[in-house]
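Notes follow once the structure below has been shown.
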Amino acid sequence: MAALTEIAPGVLVATSCYDVTTTTVVAGSSGACLVIDPAVTADELTGLAAELAAVGLRPAAGWSTHPHWDHVLWSRELGDAPRYAAPAAITIAETEREGMLDEVRRAAPGLDLDLVGRMRSLDAPAIPWDGPEARLVVHDGHAPGHGAVFLPESGVLITGDMCSDIEIPLLDTSATDPLGDYRTGMERLSAVSGVRQVVPGHGHVGDAGELRRRLALDADYLDAVSAGQPYRDPRLTADSPAWMRAAHHDQVRYFQR
Ligand SMILES: [Zn+2]
């Protein structure tokens, strides 16, 4: 993993070698920090813990944006701070635990499986911790109980698996209304005022204009695919990972039913 980079005062991000996955750290008072979606490999989590210790930061709380295996990881070295996720995310993390563990074994061997997905349910407007306000924007769409985090003091919006510059919208096609859920999520995120930077779960940090550009791309993708029209998303190329091209074809098929 690349070293932590400060993108705003007290807000640090690092990018994993796996799927351009982003870890976010928010510095609080007295050396406490909030760790969002620490990822991905065992070596990367060990390195993250060492880097935090080196700059005098100690995880005081954790947040998982959503119940997919690459967003619910942790390591002993990060300590035993309470880790939280939205209630609907907790339900999925519990009921689909075995599948999540299989993914971790395959893609990130060496991680302590006992610590995977061990979040507490948090139904609150913000993460309880002694640091900058971390407001929650919870919605469904990509996954049940997807919880973005907005830091009003720095204007940073951490969007989990929404608003990526390298991934198309990935719908939860097992839901009753995948398209409606996803659009509602996009509306909630676009309604957050004061965003100066967006941090996606996979991809690159962007400014407010870039957030609007990604939301517009997502809307165009959803409009076309749900209407059965051909659409060339610039994020979907011959070089895209096979799983993303497969997900796109699944979504096309879903709307053709
Ligand atoms: Zn995801």
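Quick note: the sequence shown, position 115, residue 120 per our numbering, numbers continuous.
Note that CB positions come from ideal geometry on N, CA and C, so glycine has one too.
Strand pairing of residue i, partner residues [DSSP]
i      : result
Ile173 : According to DSSP, which records beta bridges pairwise, Ile173 is partnered with nothing at all.
Tyr89  : Trp68, Arg125
Val16  : Ala13, Val31
Gly152 : Val143
Thr26  : His207
Residue i, DSSP secondary structure in three states
i      : result
Arg63  : strand
His330 : Because the chain in this structure spans residues 6 to 262, residue 330 falls outside the shown range and cannot be described.
Leu78  : coil
Ile132 : coil
Leu241 : coil
Val40  : strand
His254 : helix
Asp117 : coil
Glu56  : helix
Arg111 : helix
Ser21  : coil
Thr46  : coil
Gln234 : coil
Ala221 : helix
Arg102 : helix
Ala8   : coil
Glu215 : helix
Nonlocal neighbours in the same chain, by C-beta distance under 6 angstroms from residue i, ignoring five residues either side
i      : result
Ser34  : Asp135
Pro205 : Thr164, Cys168, Ser169
Val40  : Val30, Pro64, Gly67
Asp238 : Ile173, Tyr226
Ala93  : Pro149, Gly150
Ala113 : Val45, Thr46
Same chain, Cβ closer than 7 angstroms to residue i, five either side skipped, listed in chain order
i      : result
Pro174 : Tyr187, Asp223, Tyr226, Leu227
Pro157 : Glu138, Arg140, Gly199
His253 : Ile173, Leu241
Ala54  : Ser80, Glu82, Leu83
Spatial neighbours of residue i in its chain, beta-carbon cut-off 8 angstroms, leaving aside the 5 residues before and after
i      : result
Val25  : Ile171, His207, Gly208, His209
Gly190 : His144, Asp145, Gly146, His147, His151, Met167
Pro87  : Ala66, Gly67, Arg125
Thr178 : Asp255, Gln256, Tyr259
Pro263 : The shown model of the chain, from 6 to 262, leaves out residue 263, and the question about it has no answer.
Met105 : Pro72, His73, Trp74, Val77, Ala98, Val121, Gly122
Cys38  : Val30, Val31, Ala32, Leu57, Leu62, Arg63, Pro64, Ala65, Gly136
Arg201 : Ala13, Ser159, Gly160, Val161, Asp212, Ala213
Arg81  : Asp117, Leu120
Gln261 : Gly233
Residue i CB to nearest heavy atom of ligand 3 below 7 angstroms
i      : result
Pro114 : Annotation note on ligand 3: not contained in the displayed structure, which lists ligand 1 as its ligands.
TODO: Please list, following the chain, all residues that have a C-beta closer than 5 angstroms to any non-hydrogen atom of ligand 1.
DONE: His73, Asp166
Open item on the list: As an exercise, report each continuous alpha helix (DSSP H) stretch of at least 4 residues that is fully enclosed by the region 157-203, in chain order.
Closed with: 183-195
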